[in-house]
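For the sequence shown, my numbering gives the first residue as 200, with consecutive numbering after it. A short write-up of the structure that comes next.
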Amino acid sequence: WDDIVENPQQGSAYLYACELPWPDVALTKTVEPALVYPNGVLTYTLAFENTEPHPGMGVNITDTLPAGTSFVGMVSAPPGWGDPNVNGRRINWYTDTLDGRAVGQLVFTAVASQAEPISADWILTNNASIGAMGDITNTNNLTSASTVLQGLEIRKSHSPATVTAAWNFYYFIDVSNQA
200 WDDIVENPQQ GSAYLYACEL PWPDVALTKT VEPALVYPNG VLTYTLAFEN
250 TEPHPGMGVN ITDTLPAGTS FVGMVSAPPG WGDPNVNGRR INWYTDTLDG
300 RAVGQLVFTA VASQAEPISA DWILTNNASI GAMGDITNTN NLTSASTVLQ
350 GLEIRKSHSP ATVTAAWNFY YFIDVSNQA
């Protein structure tokens, strides 16, 4: 913080600036593919960084999977990050220290299952957060990524195959939800 020290006897002031020894951790998230079918695999990437030169201590990343999805496993994690603690749809990673200016990624997979009620064209939004002791900015700690679960199938048929004038003609629309 900046401090102003005044010397009223001499009519001058001095400005002292010091850098705070705190981290600023940030998180972004992506998901592939943008469109998934029931029982399809989703790949999530959590990109984290410490934007300050000071190390972050006790860094925790929490990811909450959307309803209708379940954790499959890790694809990659940088050294120093422990195995995830999975509790239902909530996944937690922890590291004691994130060096200043450090960047990295946690990549994991999930499956869009039918274990929970899912409607067709449902947008699966996945939320994640990062935190560290003394983090100076919390506006960059939350992130989300969305994909669309596609399960609606529509088929149209007609009868009879050949139509004669003044005869009845029928369309049949069959809708099924694969989700």
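Ideal placement from N, C-alpha and C gives every residue a C-beta, glycine not left out.
Test item: CB-CB of residue i and residue j under 8 Å
i    : j    : result
G257 : A331 : yes
R289 : T261 : yes
Y243 : Q349 : no
V310 : N238 : yes
R354 : D373 : yes
Cβ distance (whole Å) where residue i is taken to contact residue j below 8 Å
i    : j    : result
L245 : L264 : In fact, because the Cβ distance is near 12 Å, the residues do not count as touching under 8 Å.
L305 : V224 : Not really, about 13 Å apart at Cβ, beyond 8 Å.
N337 : N291 : About 18 Å; that fails the 8 Å criterion.
A301 : T229 : In fact, because the Cβ distance is near 19 Å, the residues do not count as touching under 8 Å.
G303 : P254 : Not quite, the Cβ-Cβ distance comes to about 14 Å (not below 8 Å), so this is no contact.
S356 : F371 : 5 Å
L323 : G272 : L323 to G272, Cβ: 18 Å. No contact.
Beta-bridge pairing of residue i - partner residues as DSSP gives them
i    : result
D373 : R354
Y236 : Per DSSP, none; premise fails for Y236.
G303 : F247
Through-space distance from residue j to residue i, alpha-carbon basis
i    : j    : result
I203 : E248 : Note on I203: pLDDT 48, under 50, position unreliable in the model; no value is reported.
S312 : L241 : 11 Å
P222 : L341 : 16 Å
T294 : W280 : 5 Å
W321 : P252 : 42 Å
F270 : N286 : 10 Å
F307 : D282 : 11 Å
**Asked** Of all the alpha helix (DSSP H) runs that stay within the bounds of the segment 333-365, which reach a length of 4 or more residues?
**Response** You should have found no qualifying run.
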